[in-house]
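Enquirer: Quick one: the structure is below, and I'll ask about it shortly.
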Amino acid sequence: MHLKEYFHAEVLGGEHKKFSWVRVLKAYLKSHKNKFFFEYRLAQALQIKYGNIFLVRFLRKRIEKRYPVDIPLECQIGKGFYIAHLVGVVISDKVSIGQRFTIFQNVTIGQKNDQAKIEIGNDVTIGANSCVIGSDMKIGNNCEIGAFSFLCKSIPDNTLVYNISKSNYVYKEEGVEYICSRNTRIRNIDQK
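All residue numbers in the sequence shown are consecutive under full-length UniProt numbering, ending with 192.
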């Protein structure tokens, strides 16, 4: 794990930007999200190199208190990791994730039991409010999992997963309720 590469990709926002430690510091001070990536990757690198020393424990507690995400330092995540919104993201320590992984808010990635592992390839995006739970699952490269999806089995490369659930809306007009389903038909509730 080369910390400079992770800072370049995640704190500065991409390898197309010129790297300097001054820019990393400015980016750290500028954004709450950049602070998370900086502190998370620093704690992860220190844990790999020195074990569970005081500074690692301090950073781990700081991350747990300051950011509403649950991503253990033991989780293997390649460079280019991006969280769109730092809210409700939970990733198990038994997950191995490739490069350029994008995740949106309120996503859970976990395993059914303690021995199970989940492997996620490169260039994968997981949409908001999705859940990936299984045992010994593999998500291939260049996959997209849409918002509100539930995934419990392996998927091959170049796969799109999305939810096709039906939404129902109830409209009230002058004491009469109408239901409008996804196909936009409107009917009176009293009419069966």
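All C-beta atoms, glycine included, are put in the ideal place defined by N, C-alpha and C.
Would you mind reading off the limits of the alpha helix (DSSP H) that contains V22?
Expert: Taking the sequence shown and counting its residues from 1, one reaches residue 22 at position 22. Looking at the DSSP string, the run of the alpha helix (DSSP H) that includes V22 is W21 to K30.
Enquirer: With 16 as the cutoff for other CB atoms within 10 Å, does N188 come out buried or exposed?
Expert: As a first step, residue 188 is located in the sequence shown; it is residue number 188 there, counting from the start. Confidence in N188 is poor, its pLDDT being 36 and thus under 50, which makes the residue's placement unreliable; the coordinate value appears in the next sentence. N188 is exposed by the Cβ-count criterion.
Enquirer: Within a Cβ cutoff of 8 Å, which residues of the same chain sit near F92, ignoring the five residues on either side of it in sequence?
Expert: Along the sequence shown, read from residue 1 onward, the residue named residue 92 stands at position 92. It should be noted that the sequence gives Ser, not Phe, for residue 92. These residues qualify, in order along the chain: P72, C75, I109, G110, Q111 and I118.
Enquirer: Counting only the same chain and skipping the five closest in sequence on each side, list residues whose C-beta sits under 7 Å from that of V87.
Expert: Against the sequence shown, residue 87 aligns to sequence position 87. Once the five neighbours on either side are set aside, the close Cβ partners of V87 are P68, Q105 and N106.
Enquirer: So, helix, strand or coil for I63, using DSSP?
Expert: For the purposes of this step, residue 63 is identified with residue 63 of the sequence shown, where counting begins at 1. Residue state, collapsed to three classes: helix.
Enquirer: Which word fits L55, buried or exposed, when buried means at least 16 other C-beta atoms lie within 10 angstroms of its C-beta?
Expert: The count along the sequence shown starts at 1 and reaches residue 55 at position 55. Exposed, because fewer than 16 other Cβ atoms sit within 10 Å of the Cβ of L55.
Enquirer: Would you report the Cα separation of F101 and F36, rounded to the nearest angstrom?
Expert: Numbered from its first residue, the sequence shown carries residue 101 at position 101. Numbered from its first residue, the sequence shown carries residue 36 at position 36. C-alpha separation (whole angstroms): 16 Å.
Enquirer: Rounded to the nearest angstrom, what separates L12 and H32 at their Cα positions?
Expert: Reading the sequence shown from its first residue, position 12 is the one you call residue 12. Reading the sequence shown from its first residue, position 32 is the one you call residue 32. The alpha-carbon atoms of L12 and H32 are separated by roughly 13 Å.
Enquirer: Which residues bound the alpha helix (DSSP H) around E5?
Expert: Counting from one through the sequence shown, the residue named residue 5 turns up at place 5. Note, E5: alpha helix (DSSP H), L3 to Y6.
Enquirer: Would you list the residues sitting across from C143 in a DSSP beta bridge?
Expert: Here residue 143 refers to the residue found at position 143 of the sequence shown. In the DSSP output, where bridge partners are listed per residue, C143 has none listed.
Enquirer: Looking only at C-alpha atoms, which of R23, E144, A9 and G127 sits nearest to G78?
Expert: Residue numbering aside, residue 78 sits at position 78 when the sequence shown is read from its first letter. Measuring from the Cα of G78, the nearest candidate turns out to be A9.
Enquirer: For I48, which of helix, strand or coil comes out of DSSP?
Expert: If you number the sequence shown from 1, residue 48 lands on position 48. Here I48 sits in helix by DSSP.
Enquirer: Please state whether DSSP places E15 in a helix, a strand or coil.
Expert: Looking up residue 15 in the sequence shown gives position 15. It is coil, neither helix nor strand.
Enquirer: Taking DSSP's pairing of strands, which residues face C75 in a bridge?
Expert: Position 75 of the sequence shown, counted from the start, is the residue given in the question as residue 75. None; C75 has no bridge partner.
Enquirer: Excluding the 5 residues preceding and the 5 following K138 in the sequence, name in chain order all residues of the same chain whose CB lies nearer than 6 Å to its CB.
Expert: By one-based count along the sequence shown, residue 138 stands at place 138. Here the set comprises E119 and S154.
Enquirer: With the cut-off set at 8 Å, would you say N163 and G146 are in Cβ contact?
Expert: Along the sequence shown, read from residue 1 onward, the residue named residue 163 stands at position 163. Along the sequence shown, read from residue 1 onward, the residue named residue 146 stands at position 146. A contact, by the Cβ cut-off of 8 Å.
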